[in-house]
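Take a look at the structure set out below.
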Amino acid sequence: MLQTPTEPRARTSAGIILMCVGVACLCVNDALAKTLTAHYSPFQIQFLRNLIALPFAILIAHRIGGTAALRSHRPLAHLMRGGLWVGATFLFFTSITYMGLAEATALIFVAPLFITALSALLFREHVGWRRWLAVLVGFAGVLIAVRPGTSAFQTVSLLPVATAFVYALLMLSARWVDSRESVWTLLLYMTGTGALISLFIMPFIWTPVRFQDLWLFGAIAIFGTAGMTMMTQAFRLAPAVVVAPLDYSAIIWATLLGWMFWNEIPDALTFAGAAVIIASGVFIIWREHRTSR
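Here you go:
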């Protein structure tokens, strides 16, 4: 059966909408986490979020991927990915405890630069001089935003950069997962192993959950799961070169939420550094798409 010309456009439009809404959901997730860090450890926030989200992840994986999506052929690979997921989330939740939401979000955007560099160093992938130049320019944007050596420098601002590095390892580790497993299997096992690993830390840092915070933990699980699901589906519907740059719209939502709830307004150099990082990331996405074609 032939597709009409409007069908690809409709799929792309749906992918764009899902990506934008998914990014907004994850920013709300981060804002909720920042609220909860006033009373709970980042590990406890992550544990309860994953625990509450796990039934939803099982339902989504089974509904979309069938029974096969619930089975893993390489559980140790998922366990390793769960450890990276816990580490990245802990670093980011810790950073937003002490930093503005938009500032931390802007520095997270160096993840594609780390992915490009690590692909060349760990997997011996060919990275041309243009992409290496984009990586260097992106890290120059980090220096603009972080401002090492000046009075404005804060050590805690290195935490989002460390988060981006661990997140890049998490993305690259998907290559060690069995090729027969779908993205829904990855989403399910990342949630499950994240809950399992953080469970072992709970006896040492557990704080009784206040009744008025129950809805916040429920909301963070719903928004986090919904955001990941919609973003995953966006990449299935539309070309990556179209939807991937929309991830950078997070800076808009993070700035808006930070201003609304904590009166946080990033300074001009933070925005300038973010602009350089985003431009480098978009160029790398475009260049990889063109090279793959």
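First residue of the sequence shown: 137, per the working numbering; consecutive thereafter.
Every residue, glycine too, gets a C-beta built ideally from N, C-alpha and C.
In this text the structure is predicted, and so the values were computed from the model without any measurement.
Own chain residues within Cβ distance below 8 Å of residue i, not counting five before or after
{"i": "Gly-264", "result": "Arg-423 and Thr-427"}
{"i": "Val-378", "result": "Thr-148, Gly-151 and Ile-152"}
{"i": "Arg-346", "result": "His-175"}
Start and end residues, alpha helix (DSSP H) containing residue i
{"i": "Arg-267", "result": "265-282"}
{"i": "Pro-344", "result": "Premise fails: Pro-344 is in no alpha helix (DSSP H) and is neither H nor E."}
{"i": "Val-378", "result": "376-379"}
{"i": "Gly-394", "result": "386-398"}
{"i": "Val-222", "result": "211-234"}
{"i": "Ser-334", "result": "319-335"}
{"i": "Ala-204", "result": "Where Ala-204 is concerned, there is no enclosing alpha helix (DSSP H), given that its DSSP letter is neither H nor E."}
{"i": "Trp-351", "result": "350-373"}
{"i": "Val-297", "result": "294-308"}
{"i": "Glu-239", "result": "237-244"}
{"i": "Pro-402", "result": "Pro-402 -> no alpha helix (DSSP H), and no H or E assigned at all."}
CB contact flag (residue i, residue j, <8 Å)
{"i": "Thr-131", "j": "Thr-173", "result": "The chain is shown from 137 up to 429; residue 131 falls before or after that span and cannot be answered."}
{"i": "Arg-334", "j": "Leu-295", "result": "It is Ser, not Arg, that sits at residue 334 in the sequence shown. Cβ atoms of Ser-334 and Leu-295: not closer than 8 Å."}
{"i": "Gly-360", "j": "Leu-162", "result": "yes"}
{"i": "Leu-190", "j": "Ala-331", "result": "yes"}
{"i": "Ser-255", "j": "Leu-308", "result": "yes"}
{"i": "Leu-237", "j": "Ala-167", "result": "yes"}
{"i": "Ser-293", "j": "Leu-243", "result": "yes"}
{"i": "Val-412", "j": "Gly-277", "result": "yes"}
Sequence-distant residues of its chain with Cβ nearer than 7 Å to residue i (five each side left out)
{"i": "Asp-314", "result": "His-209 and Arg-210"}
{"i": "Ile-188", "result": "Phe-353, Gly-354 and Ala-357"}
{"i": "Ile-337", "result": "Phe-179"}
{"i": "Val-222", "result": "Gln-182, Gly-330, Ile-333 and Ser-334"}
{"i": "Glu-143", "result": "none"}
{"i": "Phe-301", "result": "Phe-250"}
Beta-carbon proximity list for residue i, same chain, < 6 Å, skipping 5 on both sides
{"i": "Pro-248", "result": "Gly-417 and Ile-420"}
{"i": "Met-366", "result": "Leu-154, Val-157 and Gly-158"}
{"i": "Phe-228", "result": "Thr-299"}
{"i": "Phe-271", "result": "The sequence shown places Val at residue 271, not Phe. Excluding sequence neighbours, Val-271 sits near Leu-249, Thr-252 and Ala-253."}
{"i": "Phe-192", "result": "Thr-361"}
{"i": "Val-319", "result": "Thr-368"}
{"i": "Leu-373", "result": "Arg-147, Ala-150 and Gly-151"}
{"i": "Val-164", "result": "Phe-359"}
{"i": "Ala-376", "result": "none"}
Buried versus exposed, by CB contacts within 10 Å (16 or more), residue i
{"i": "Asp-403", "result": "exposed"}
{"i": "Glu-239", "result": "buried"}
{"i": "Ala-410", "result": "buried"}
{"i": "Gln-290", "result": "exposed"}
{"i": "Thr-406", "result": "buried"}
{"i": "Met-137", "result": "Bear in mind that a pLDDT of 41 at Met-137, under 50, signals an unreliable position, so the number given afterwards is only what the model happens to contain. Exposed, by the Cβ-count rule."}
{"i": "His-214", "result": "buried"}
{"i": "Thr-391", "result": "buried"}
{"i": "Gly-202", "result": "exposed"}
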